[in-house]
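For reference, the structure discussed in these notes is given below.
2 protein chains.
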Amino acid sequence: MAEPLDFQSIILKLQEFWAAHGCLIWQPYYAQVGAGTMNPATFLRVLGPEPWNVGYVEPSVRPDDGRYGENPNRFQQHTQFQVILKPDPGDPVELYIQSLEALGIDPRQHDIRLVEDNWEQPTISAWGLGWEVWLDGQEITQFTYFQQVGGQVLDPVAVEITYGLERILIALRDAPSIWNEPWNAAVKYGEVRQREEFEHSKYYFEVGSVERLKQMYDLFEAESLACLEQGLLVPAYDYVLKCSHTFNVLDTRGAIGVTERQAYLGRIRGVARQVAESYLAQRKELEYPLLKHVIEKSSASFPKPEAIVQIKGKQTFLLEIGVEELPSHDLESALDQLREQVPVLLDALHLAHADIQVLGTPRRLAVLVADLADRQVDVEEEVKGPPLERAYDADGKLTQAALGFARSRGVKPEDLQTRKMAGGQYLVALVRQTGRPVVDVLMESLPGLLAGIKFEKSMRWLPKPTGDSGDTAVTFSRPLRWLVALLGEVVIPFGYAGLLAGRNSHGLRPYNSPNIEIKSAGEYTQAMRRNGILLDPAERRQEIESQARKLAKSAGGALLLPPELLVEVANLVERPLPFLGRFEPDYLQLPKEVLISVMKKHQRYFPVVKDGKLLPCFVVVRNGDEQGLELVRSGNEHVVRARFADAQYFVNKDLQHSLDEYRSQLGALTFHKSLGSMLDKSERILKLVEVLSARLGLESDQAIYARRAAYLCKADLATRMVVEMTSLQGIMGGEYARRGGEPDAVVQAIAEQYLPVPGSMAGVTVALADRLDSLTGLFAAGLTPSATRDPFGLRRAALGVVQPLVEHHLSLDLKGSLGEAARLQPVPFSEQALGQVLEFIIGRMRVMLLEQGFRYDVVDAVLAEQGHDPDQARAAVEALTHWVARPDWHDILPGYARCVRITRDQQQTYELKTNAIKEPAEKDLYSALLQAESKQHLTGSVDDLLEAFLPMLPAVNRFFEQVMVMVEEPGVRENRLALLQRVSGLASGVADLSRLEGF
Amino acid sequence: MAEPLDFQSIILKLQEFWAAHGCLIWQPYYAQVGAGTMNPATFLRVLGPEPWNVGYVEPSVRPDDGRYGENPNRFQQHTQFQVILKPDPGDPVELYIQSLEALGIDPRQHDIRLVEDNWEQPTISAWGLGWEVWLDGQEITQFTYFQQVGGQVLDPVAVEITYGLERILIALRDAPSIWNEPWNAAVKYGEVRQREEFEHSKYYFEVGSVERLKQMYDLFEAESLACLEQGLLVPAYDYVLKCSHTFNVLDTRGAIGVTERQAYLGRIRGVARQVAESYLAQRKELEYPLLKHVIEKSSASFPKPEAIVQIKGKQTFLLEIGVEELPSHDLESALDQLREQVPVLLDALHLAHADIQVLGTPRRLAVLVADLADRQVDVEEEVKGPPLERAYDADGKLTQAALGFARSRGVKPEDLQTRKMAGGQYLVALVRQTGRPVVDVLMESLPGLLAGIKFEKSMRWLPKPTGDSGDTAVTFSRPLRWLVALLGEVVIPFGYAGLLAGRNSHGLRPYNSPNIEIKSAGEYTQAMRRNGILLDPAERRQEIESQARKLAKSAGGALLLPPELLVEVANLVERPLPFLGRFEPDYLQLPKEVLISVMKKHQRYFPVVKDGKLLPCFVVVRNGDEQGLELVRSGNEHVVRARFADAQYFVNKDLQHSLDEYRSQLGALTFHKSLGSMLDKSERILKLVEVLSARLGLESDQAIYARRAAYLCKADLATRMVVEMTSLQGIMGGEYARRGGEPDAVVQAIAEQYLPVPGSMAGVTVALADRLDSLTGLFAAGLTPSATRDPFGLRRAALGVVQPLVEHHLSLDLKGSLGEAARLQPVPFSEQALGQVLEFIIGRMRVMLLEQGFRYDVVDAVLAEQGHDPDQARAAVEALTHWVARPDWHDILPGYARCVRITRDQQQTYELKTNAIKEPAEKDLYSALLQAESKQHLTGSVDDLLEAFLPMLPAVNRFFEQVMVMVEEPGVRENRLALLQRVSGLASGVADLSRLEGF
């Protein structure tokens, strides 16, 4: 094997490769950009109808990736090679793989995987669908079909291929780190780059002046707008890039809070969109000069279809839809849809068949129909004609209308029949449809089957149809690349998405997707198996699970096998090969959550555990066979090691300071511009925790722990590990608190503050304080969530108030607590607003209870009276649920209802005068009431209420039988109403029983 | 011939070429830079001892080169390919030519010339020596040996090669313009670049906000300094680049005046120097990590010298010093030095010889000595010993001292002799030195001859000698590359500058500098001629002149042949081939000065004239033969066309506005921060012109013209043509005034305002006003020139006050006029300061007069009395010169001197009492005085003075013979002194005769 390429040779090879494939070779941009996408050679040129094929290097600057040159493969500047192919050449993934081969990467010796990546770049209002390309577990390329850029829909779509050159160098050389690898024959990468990595990192994290950077930002923005006004798009865009970089630096300096962040991004995006819009207009005005370069694809390039042959007898039918790698959930969804739609379709087509099998891998969806009939079943249909009275004239002859009907349906007048239908008698024509041959029918209907498959996110890859056909562009999860449609041995040559169905399928990516000719539908499954492809997801899962378990066992542990991960991994490969990777046991010192999160979420590896602890190994699933397995293993191990090293780096950096110190840095982190910094929020949480500790009745040591935890709870937001992986907030805070010698209870409270339901009382108290603060603050700032938007997660926060109270059986009056939280806010707060927040929380509780299966009427009845105390309300709902299920409920409710119904329209509450109670039934009811009222009531207890009411029931019923309430005489009437009002009032504060069904 | 390369292929080829030659391939920088030099891969890496070889593309942004995409090959962004070779590999020019061949440029088919270029970049405190490389007249590359960067001396020196890729593309394709040339096979250069050229140009010239840009500059500078403080050099340098670009934009916006400009540049330079200094310190601290890559040149690579052979008999001696292309004036200077030094050396070496010939071309200096003796002449020398009295003891025997002397001189005691010398008699030893063989002597002394050649600007190219040898690095005008030293057929293998002299010379560049073996010194001239090289500059001049004249005649005109241009052109080639080029007659509409300036100054072409007007053609002198001449001609024509087009572009742009409009823009152009804008200066000039018109007695129409000219005189500074070519200031103003319909007198006055001596009175008046304003203003602002620095050209301004007055014979009292000028200044002005300015002007006048050959004493005598009126003073000097040359001057001066000498120490002026005049001699003198005083005197006239004094001479002489002045009696003494004071006073206001020699 030849010496692997050095860094600059990778660049030279890629330039050569793409130049030879018709790309214009461009240069890095003269501005600090985060990615090659930002270069106008991409951002502007992908817009509009003109073709554009380009390749260039882009040293990409991402301040927050700075690691002071200490990390083996993470840096504030990395080198991209960017390729744009517009329009899609039809085989971009194949071209890409060829380019890897030009770099000396043999796909057979490696594991090359296309892992779903829904790319979006909000700064420039752009998104696309595609993949991360993994080489032995390492992301080396981003591959995207751009759908929109600068807020403009792309037509045609542009293919973007972004190589990460440092990662490729590392992979090519199986190197532990970038620094000692050769840039050229004489000089190492680190020799030219490492020192400046240190300097830039230090600048971005520690030195850059926040004040000056903010001033620069404003100046850049103003210049950009001035340029736009004059139609100077590239100069305007140059300043957009400067804004963007300046924003990134400010962000890295930790000077931008969550909401301020949105504001900045919005400003950048706004100008970027204007630039894109104006550019489109400009190109149109210039009449798209580059359009002349379009080479019309002659239809001659379309393969000649096989002759259409009609067949006799039942045959197996095969439809294979060849795609570029589908995301796991899209694969699942497509299979589900086919399972549902294919039988429906065949029924609708009157095509008889036996079993239907729907199978699939990331690169193909397959439908096999056994014994499909050779033609449609003949059908007879009754078509309704004119009513009898208009069908015959006075002479009993058919009218013109009737004759016309017969003619139009191709039926002889004498064959018309009469049917009795709703509304009278009618003429009917019996229309017989002779079944058409299956080939014809499928040719017509298969395109519709494909078009009917929908995805949560789908993409275009073909240009929009021209002319006035009114067709919309074909969309799918990922581009369709081939179609196989066979009925027995015969091709059904239907066309869809620019493809013509035939008998040619393709094999595994690592084998260069070889052509596989399918002779007949019946041999399809075997042909695939011969080519190493397991078509059935369930089979792949089984295969992975059994082998992975063996591997874990061989390593002395057991597999951590989350089912959703198994599904995903099985959907990432066509030929699964699990193998074991290892990492240095030292990394086990890192928090377990960090390690698991890296392995599962980032790498799709299965962790291995023993006695609840991680072992230093993991199971990877390769797509392919054993060839080059050692290379693949070592690559995957490298990746995990690098990721752990990165985490280690953060943790080590973080541990240089105490949590108390980090807390003091929260002042620089804006929570929201009108609600102050995260430090301000911390202070509010602290005060609120004191109030809540009392209200929740925390014991004194618990209260102390809660206070300390509240003091430190947000400190970890200023640590690098959390800045890097936000999902570790709280977890890292707990970890650092532990290492800082805080009491266990404090550690726990910090660690679990973001859990839906913290386990400890201190944790619950801190979490509640945090959530109540966010809810009141953000509502006061006008940031109430809408039906579709909830950017600050207030729904989650509201639920996060309810759940802990319920699960820990803590009674708390939210109204009072929200009032306390509101008083601490730096913005004014109205009673009405407070009501809104409470309403909002109760709304979430309602959803929760409904999801738990309670009846809506029960829930509503309780929440109307005691929604402000979630735990109590939950208990009441449960109790009431039992009551409404009782057989005697049909007596209880009506009895109570009679009391309520007759009183509820009264404007006033009358005083009951006992001396005016005359009638015995009245007296009985009164004494029953006194007894009910005298019983012990727990606040809000449904049982207490109804247990008290139950004995009253006979008295109630008798009362209504024997006593007339609404008599003429006001004194009597009012006193009877007063009595019933007292009875109705029993439920006050417990439930509004009038909301129950049957009331 | 293969299809010429497209743009991107040029880049790919150069990357490939230099990668194959050991260069690290680097990327363009992420900042807008004016040149590849600014990329830290050059700016930082050339510093210090570490080796560094790198090549990269650099899209270079120069706002003021923006032409809105309208010029065929001038743009605000052009693409450089930058190569750094450190240390000098020894053959960088050859490598460079090979790289051109890799691009498909055959040197035999083109004219490749290395034209002196003393590169300096004050922004980063850098300079170097080298060349522009011309391909058929077009500058395609800058080739520089860096001597200093960031204020740091480079050791070793770095070779910088900067290709201009657009120009190479144009040249390769013989294209009229860049826009239609291919970037790659599909896309044209203009299709991707032209529109943005327009946009950027518009931004830089019209849209950029001066205020915001100035704010940005300050912010960038502050960030840079903050980074420096923390030792973050690359981030600091990034901001230096941003400062630099921002400054360039401000400059292009026309927002920066001359002196403000200096201030900005000074600020940038200051930070750049700090960065460079700190970088050197940092690398030292890191212990120069890249030093390990140095491959020690083993001495084995040194060619084996021929055996040293002693020879018999007289031989021709040849010394050829092979150099890289010498600048014309350095070639002249080196030849002069050799002509002077070689005979001196041979004499000193006692080597007999016949004729010495010194010849040279840009690539070689040659010395031929006929009949050089085979050994030194023997010489006998008398060496002085002890004086006789110490040489012999009392016994007449030689003392120990005498014996010691004899021993030390290698003389037998009995051979000592006695000589009488100044100061007494001494022993002498006759020491005979036998001549050594010529080969030995030359080996020893030739290095000294080479080291003795000095240049105005010389460079290093070798690393400084290591160790404590104390040697300084070798310097020369350009690097020495080979040495030939032959005595007859024998090599004299002396070593110098890392070279060993031999017999191998090299031929013409366009022939790839082929090796030429010189068999013997005698055949050298012929060998060179055989190889096409004319060694004698005079012969080359003659050849060029005769052929060029023929060509001009053939075009129907005559050659414009400035002698200094002929010398230069003859020194740019070894094999001159003049040929005719043409351009479109349309360009003749441009001002003649512009055309001539472009042809002569920029291109070294000879213009062709007929009847005082230019013809649309020119004579170019190629270095080489007729091969590919059409290509060469077309290339040269393209260049001149492009330059004219550029001028045309400016003129057209400028003509869109009137001079009045440009005048109003002068407010944005700072003259000096405390002296206001150029508009303020214009206003002052206008007022001063009114005053001067009266003082100089202008006729009324002249005064009106002068006023109008003064009003418009500076307006052209705001035009693009003048911004582009400052040397055309005034000329363009005149041109635009003419086209604007101003009267001829106004046109002329504007056009000639910068001439040392304008021709018209209006012109003189404006020029004087301008110069008096600058002198008073800048002196007041404290910017008096020092001995070595005169950045504002105040010496020239002072002379420019004197000369017009003198040449137009205008009497003007400068003292008064300066006072008027001073009053108009916005800064306070003292009497003393006014005296300083006058003193300064008189000082320049003194230099002028001395240069005109007047005696210093005459000049000083006159200037002491009437320096404030230059014309009068000049006349007086002339007159006095005549007087001092008279034979009777030796009587006149002493006579007058007696009167002055005796009175000049008197503190007081006595009153002459006529009644106290008693003695006849006294009376005679008094009456002679009265007669002299009664004669008509023109102010300051020397003739009037001396004509009046001459008749008094006998009376004066008699007076001193017969009258005693300093008698005891005060009354008498004082009256006699009073009489003599009156006589002395005659010269007052004319000349201080006491300053004359012989006084």
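Here the protein sequences line up with chains A and B, keeping their order. Reminder that position 392 of the first sequence reads as 410 in my numbering, one-by-one numbering, no gaps. Reminder that position 383 of the second sequence reads as 401 in my numbering, one-by-one numbering, no gaps. Note that CB positions come from ideal geometry on N, CA and C, so glycine has one too.
At a CB-CB cut-off below 8 Å, which residues of chain B make contact with residue i?
i, result
"A:A240", "S227 and R230"
"A:Q233", "Q233 and L237"
"A:E209", "P307 and L308"
Could you tell me which chain B residues have their CB closer than 7 Å to the CB of residue i, listed as they occur along the chain?
i, result
"A:C245", "Y221 and V225"
"A:A49", "Y48"
"A:A38", "Within 7 Å Cβ-Cβ: nothing; A:A38 doesn't reach chain B, min ~10 Å."
What is the C-beta distance between residue i and residue j, in whole angstroms, given that I count them as a contact (C-beta under 8 Å)?
i, j, result
"A:L231", "A:V258", "So it is not a contact: roughly 16 Å between Cβ atoms."
"A:G575", "A:L505", "Incorrect: roughly 51 Å between the Cβ atoms, too far for contact."
"A:E229", "B:L250", "Actually they do not touch by this definition, with Cβ atoms about 18 Å apart."
"A:V360", "A:E400", "About 29 Å separates the two Cβ atoms, so there is no contact after all."
"A:W201", "A:F473", "Not confirmed; about 43 Å, so no contact."
"B:L790", "B:L706", "6 Å"
I'd like to know whether the C-beta of residue i is nearer than 7 Å to at least one C-beta of chain B.
i, result
"A:H218", "yes"
"A:Q248", "yes"
"A:L237", "yes"
"A:N89", "no"
"A:Q100", "no"
"A:I43", "yes"
"A:V205", "yes"
Applying a beta-carbon distance threshold of less than 9 Å, which residues of chain B neighbour residue i?
i, result
"A:P253", "E214, E217, H218, K220, Y221, Y222, V225 and G226"
Say whether chain A places a C-beta atom closer than 7 Å to the C-beta of residue i.
i, result
"B:P77", "yes"
"B:Q451", "no"
"B:W201", "yes"
Under 8 Å Cβ-Cβ, which residues of chain A neighbour residue i?
i, result
"B:I536", "Ordered by position in chain A, no residue passes the 8 Å Cβ test against B:I536, which lies about 38 Å from the chain."
"B:A120", "The premise fails here: B:A120 is roughly 15 Å from chain A at the closest Cβ pair, so nothing lies under 8 Å."
Kindly list, in the order they appear in chain A, the residues whose Cβ is closer than 9 Å to that of residue i.
i, result
"B:I142", "In chain order: nothing, as chain A lies at least about 18 Å away."
Checklist entry - Which ranges does the beta strand (DSSP E) cover as unbroken runs of at least 3 residues, wholly within the segment 364-435 of chain B, from first to last along the chain? => result Counting whole runs of 3 or more residues, the segment 364-435 of chain B contains the beta strand (DSSP E) stretches 374-379, 382-390 and 397-405.
Checklist entry - Is there contact here, the segment 814-832 of chain A with the segment 850-868 of chain A, by at least three beta-carbon pairs under 8 Å? => result Short answer: they touch.
Next on the checklist: Taking contact to mean 3 or more Cβ pairs, one atom from each stretch, closer than 8 Å, check whether the segment 89-97 of chain A and the segment 53-65 of chain A are in contact.
Outcome noted: no
Next on the checklist: Using 8 Å as the cut-off, can you tell me whether the segment 73-83 of chain A makes contact with the segment 104-112 of chain A, which would need three or more C-beta pairs spanning the two stretches below that distance?
Outcome noted: no
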